Structures are given as structure tokens and as C-alpha cells.
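These notes concern the structure reproduced below.
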Ligand SMILES: [Zn+2]
């Protein structure tokens with residue numbers, strides 16, 4: 015009977031979010047809870063379970079999964095606690111296991127450690143020793159460091175943006191692990207780092223320029239000798255030394271095939287770098303244009319996207335709307351624990367003066383208005399498409415004139431409409447909705463709105479990358495340095 019360990023530690027951060035993240039921001043699943051939560055869900059581990067269950071005489075052992083939504087940098091002490099909890103259950107299997115699958119995001123960062131996933135994998139490797147194969151899965155925005163590559167036998171990553179192929183990616187990780195453990199393949203990896211960070215509509219894999227690299231990676235994956243292939247664009251807000259875009263290919267011992275394929279993806283990507291950047295409408299112009307339009311309209315505020323690691327406390331678009339006396343109904347959300355507290359001290363129907371927003375990120379100033387308390391809530395929810403539990407904590411719906419606002423204690427991912435549905439609100443009932451995510455699946459907004467303005471608002475996850483102030487990432491780096499040069503170098507990794 016072969017035994018496979020299954021575990022995960024997933025989070026991405028924005029180094030530019032001033033609010034550090036604590037341990038209690040994570041959902042922790044232990045032992046069989048990992049299986050129970052993921053079985054049948056569109057999650058990495060869910061897909062891996064499905065695939066591994068097909069293999070006869072193989073047992074999955076579930077140990078631990080710390081799942082953190084995107085946030086500011088993780089407090090280092092919280093990270094060390096997670097590492098300890100992660101490693102502890104592995105110890106008893108160190109002599110009695112045939113492989114490990116670890117679900118990672120790849121864009122973590124703590125207040126002290128700039129390669130947390132590398133650190134974690136090195137510690138796992140110390141326990142499991144050199145012979146046990148480890149395969150990891152990563153988000154497309156992951157930062158695959160040398161230390162990570164040195165400690166694993168295989169890597170797979172998402173092939174979609176906006177992301178939909180979580181379980182498919184988990185299945186690919188399981189297949190790769192099976193090939194190593196049962197078929198005896200010997201993985202060799204080639205990767206090519208590209209000094210560019212990117213953002214914007216051309217990254218949408220279905221319709222954008224970046225789709226070329228992904229289609230190439232998928233095509234070569236059908237080659238019998240290729241064990242996995244992918245392209246990581248990294249999370250440009252995770253300001254760490256190894257931040258960059260990169261291609262990688264794992265083959266069964268064929269260095270030449272791995273290297274030519276990784277090089278091809280990297281050199282095809284580089285000339286597109288200037289097109290793979292944000293395309294914005296200014297704050298004032300988007301609001302004044304929206305005022306004249308029939309609607310419905312989406313105002314994308316990617317600069318305050320909790321899914322990219324922002325605190326969710328921006329009121330920048332609302333402030334501009336108030337300033338311009340925006341004439342239409344608006345639906346928005348703001349993280350503001352103080353505003354929630356005041357709302358919860360009041361009964362439904364009360365009128366209260368409350369400041370909203372600008373509590374965490376000093377780029378924004380509080381907006382004080384007279385609000386009617388519409389409702390109170392405090393219940394976690396699951397996203398429309400993603401199998402991630404979101405816990406906004408105590409929340410309330412406030413209304414002031416034509417503005418309806420969900421105020422919450424904790425940031426939640428807004429890649430869809432679930433934050434509004436969870437509060438009994440439907441964006442389709444409003445002229446304008448503020449969407450704090452760079453991109454959503456088209457059906458959530460784009461398919462039915464008249465216009466979706468990509469607003470150039472201030473914030474810690476602004477797609478206007480040179481405004482952020484990177485200090486740790488390698489330089490030169492496009493577009494922080496417009497004259498950055500690319501001299502392709504292939505690095506090989508094998509165990
Ligand atoms: Zn991502």
C-alpha cells in the first residue's frame with residue numbers, strides 16, 4: 015500500500031498593505047477535516063483527492079491545511095506557528111510514506127521572511143529526507159524561488175486567469191506524483207526568469223496576449239516526456255527578492271526538451287511586456303462619465319482588491335462620487351471595523367453619522383455621512399466559484415442617499431458578487447457597483463454591464479505598478495525600470 019501525505023499552506027500578500035495579517039485570519043483544517051472540506055470541491059486538494067483515489071493500493075493521509083485569504087504581510091510569529099503546526103503531523107510519517115502533495119499559493123511574505131514557501135519546503139524536506147518525492151501546486155501568481163525548486167520533485171500551476179482550474183491543477187499534481195512514485199520517471203526542471211511584472215486585461219488567458227504562453231504550456235504538456243509546464247506571472251504586490259515572471263518545464267530526464275520549451279515561452283512573452291500593463295481611466299473621469307450613462311456600470315477598484323492583498327478599506331471612488339453628486343444608485347463595500355461597531359450598536363432603521371473607510375491605509379481619508387442602518391450580519395460564506403470560505407466578521411448594510419454600502423470587519427475576496435449576495439443585495443438592482451477585484455469571470459459583471467471602468471484609484475494593489483514603491487525585488491525590473499534588459503538564462507533543477 016502506497017501512502018501519500020496531503021497538506022497545504024496558501025496565502026498571497028501585498029507588501030504595500032500597511033495592516034499585517036494575524037494567525038486568526040487563517041482557516042485551519044487538520045487531519046480528516048482537510049479531506050472533508052475539499053472532497054467534491056473545485057479546489058487544488060479536491061482535484062488531487064479525486065485523482066489519487068483512482069489509483070489502486072494507495073492511501074491518502076491528510077495532515078494540515080492553513081488557508082489564508084490574501085492580506086498584508088503575515089506577522090512572522092504567526093508564520094512560525096503555522097510552520098510548527100504544519101510540520102508536526104508529518105514527523106510521524108517520515109519513515110512510512112511514499113510521497114507528498116503540498117498545495118501552496120506561492121506569494122506569501124512575512125514581516126521578516128521573504129521566501130516563506132522556500133523555508134517551509136526546506137523544513138519539510140529535512141523531515142522527509144531526500145528520497146520522498148514532493149510535488150507542489152501553485153497559483154499562476156506564485157513566485158517560484160530557487161529554494162522551492164531545490165526542495166521539490168515537481169511543480170504544477172494554474173493555467174487560467176481569472177482562475178477557474180483549481181481542481182484540474184490538483185489533478186495534474188496528483189498525476190505527476192503518480193508518475194514519479196509508480197512509473198519511476200526522473201523529473202528534471204528548466205526554468206527561465208524574466209525581469210518583468212505585469213497586470214491588465216491582456217493577462218486574461220481566454221482572450222489576452224498572455225494566453226499564448228498558457229496554450230503553449232498546455233500543448234507541450236501532452237508530450238509524453240513532459241511532466242508539467244507552466245508560466246508564472248507572480249503577484250506584483252509581493253515585494254520579495256525573487257519576484258519576477260517565469261516559465262518552467264519539467265520533463266522525464268530530457269534537459270534539452272525542458273530547456274527549449276521554457277526558453278520559447280519566456281522569449282515569446284518578453285516582447286509583449288508593455289502591452290501586459292494596466293490601462294486606466296482616472297478617478298474623476300470615470301465618475302463623471304458614469305454620471306451621464308444609462309448603466310448598469312461596474313467601477314473596478316483593483317487598487318483595493320482583497321484578493322490581491324489589499325485591506326479593502328478604500329473609499330476613493332465613493333468620495334469622488336459624493337464630490338461629484340453622482341446621480342445614480344451605487345453599491346459598494348468597505349472594511350471598517352469601527353463603522354461596523356457603531357452600526358451594530360444601533361437598531362435597524364436608525365439614522366447615524368458614521369465615518370467609513372480610510373481606517374487602515376493612510377492613502378485614504380475617512381468619509382463621514384449620515385447613514386441609515388439597513389441590516390446586521392455575521393456569517394461566513396463560500397465564494398460563487400471558488401471553494402474558499404470567507405469570513406467578513408460582524409458586518410452591516412448602510413444606506414445614505416443613493417449609496418448602499420456593506421461595511422465589514424475583515425476583508426473578503428471579491429472576485430465575484432458573493433459579498434453582496436451574503437447581505438441580501440444583488441448588484442443587478444443597482445445602476446453602479448464598485449468591484450474590488452482586478453478581474454471577475456465575465457458572467458459576474460462584464461456580460462451585463464454597459465461599461466466596466468478600470469479606475470486608476472490609489473491603493474496597495476494598484477495595477478499602476480511603478481506607483482507602489484518596490485524596494486526588495488531584483489532590479490532592473492520592467493516597468494519599474496523601463497530600460498530593463500532580458501538576457502535569457504536557463505536554470506536546471508533535479509533531485
Ligand atoms: Zn492568482
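In this note's numbering, the protein residues as written are 15 to 509. Backbone N, C-alpha and C fix where the C-beta goes; we use that ideal spot for every residue, glycine too. Model, not experiment: these values are computed from the prediction.
If you compare alpha carbons, which of 347, 325, 319 is closest to residue 332? Comparing Cα positions, the closest option is 347.
Contact set for residue 376: own chain, Cβ-Cβ below 8 Å, skip 5 residues either direction: Correct list, in chain order: 32.
Continuous alpha helix (DSSP H) stretch holding residue 331: start and end: It spans 330 to 337 - the alpha helix (DSSP H) in which residue 331 sits, taken as one unbroken run.
With a 10 Å radius around its C-beta and 16 neighbouring C-beta atoms as the bar for buried, classify residue 131 as buried or exposed. Residue burial is scored here from C-beta neighbours: residue 131 has at least 16 other C-beta atoms within 10 angstroms and is therefore classed as buried.
Would you report the Cα separation of residue 506 and residue 135, rounded to the nearest angstrom? Cα to Cα, residue 506 sits roughly 18 Å from residue 135.
Where does residue 180 fall in DSSP's three states? Assignment of residue 180 by DSSP, reduced to helix, strand and coil, places it in the helix class.
Residue 138 to residue 104 span [Cα, whole Å]: Going by the C-alpha atoms only, they are around 8 Å apart.
Counting along the chain, where does the beta strand (DSSP E) carrying residue 231 start and finish? Where residue 231 is concerned, there is no enclosing beta strand (DSSP E), although the alpha helix (DSSP H) it sits in stretches over 225 to 235.
Following a CB-centred definition, is residue 109 positioned closer than 7 Å to any heavy atom of ligand 1? Between ligand 1 and the CB of residue 109, the shortest heavy atom gap is not smaller than 7 Å.
Is residue 176 buried or exposed, if buried means 16 or more other CB atoms sit within 10 Å of its CB? Taking a 10 Å sphere around the C-beta of residue 176, we find 16 or more other C-beta atoms and assign the residue as buried.
In the DSSP assignment, find the unbroken alpha helix (DSSP H) run with residue 135 in it and report its ends. Per DSSP, residue 135 belongs to the alpha helix (DSSP H) from 130 to 142.
Tell me whether residue 288 is buried or exposed, calling it buried when 16 or more other Cβ atoms sit within 10 Å of its Cβ. Exposed, by the Cβ-count rule.
State the start and end residues of the unbroken alpha helix (DSSP H) segment that holds residue 304. 297 to 305 is the extent of the alpha helix (DSSP H) around residue 304.
Can you list, in chain order, the residues of its chain whose CB lies under 6 Å from that of residue 447, leaving out five sequence neighbours each side? Taken in chain order, the residues that qualify are 312, 345, 441.
Closer than 6 Å: residues whose CB approaches a heavy atom of ligand 1: Counting only beta-carbon distances shorter than 6 Å to the non-hydrogen atoms of ligand 1, the qualifying residues in chain order are 153, 154, 155, 177.
Cutting at 8 Å between CB atoms, please list the residues of its own chain near residue 381, excluding the five before and the five after it. So the list reads 329, 332, 333, 336, 369, 370, 371, 372, once near-sequence residues are dropped.
Just to confirm my understanding: we take residue 69, look at its own chain, exclude 5 residues before and 5 after, and list those with CB closer than 8 Å. What are they? Shown here for residue 69: same chain residues with a beta carbon closer than 8 Å to its own, the five before and five after excluded, namely 16, 192, 196 in chain order.
Check whether the Cβ atoms of residue 488 and residue 341 lie closer than 8 Å to each other. Taking C-beta atoms as the reference points, residue 488 and residue 341 fail to come closer than 8 Å.
Any chance you could list the alpha helix (DSSP H) runs of at least 4 consecutive residues sitting entirely within the region 403 to 473, in chain order? For the alpha helix (DSSP H) assignment, the uninterrupted runs of no fewer than 4 residues enclosed by the region 403 to 473 are, from N- to C-terminal side, 432 to 435.
Could you name the residues of the same chain whose beta carbon sits closer than 6 Å to that of residue 398, not counting the 5 residues immediately before and after it, in chain order? Cβ within range, chain order: 430, 432.
Buried or exposed (CB count within 10 angstroms, at least 16 for buried), residue 435: Label assigned to residue 435: exposed.
CA-CA distance, residue 258 and residue 490? Going by the C-alpha atoms only, they are around 11 Å apart.
Is residue 320 closer than 8 Å to residue 427 when the C-beta atoms are compared? Yes; because the gap between Cβ atoms is below 8 Å, this pair is in contact.
Please classify residue 266: does DSSP put it in a helix, a strand, or coil? In the displayed model, residue 266 falls within a strand according to three-state DSSP.
Under the DSSP definition of a beta bridge, which residues are partnered with residue 396? The partner list for residue 396 (beta bridge, DSSP) reads 403.
Sub-8 Å separation of residue 27 and residue 483 beta-carbons: No. Outside cutoff.
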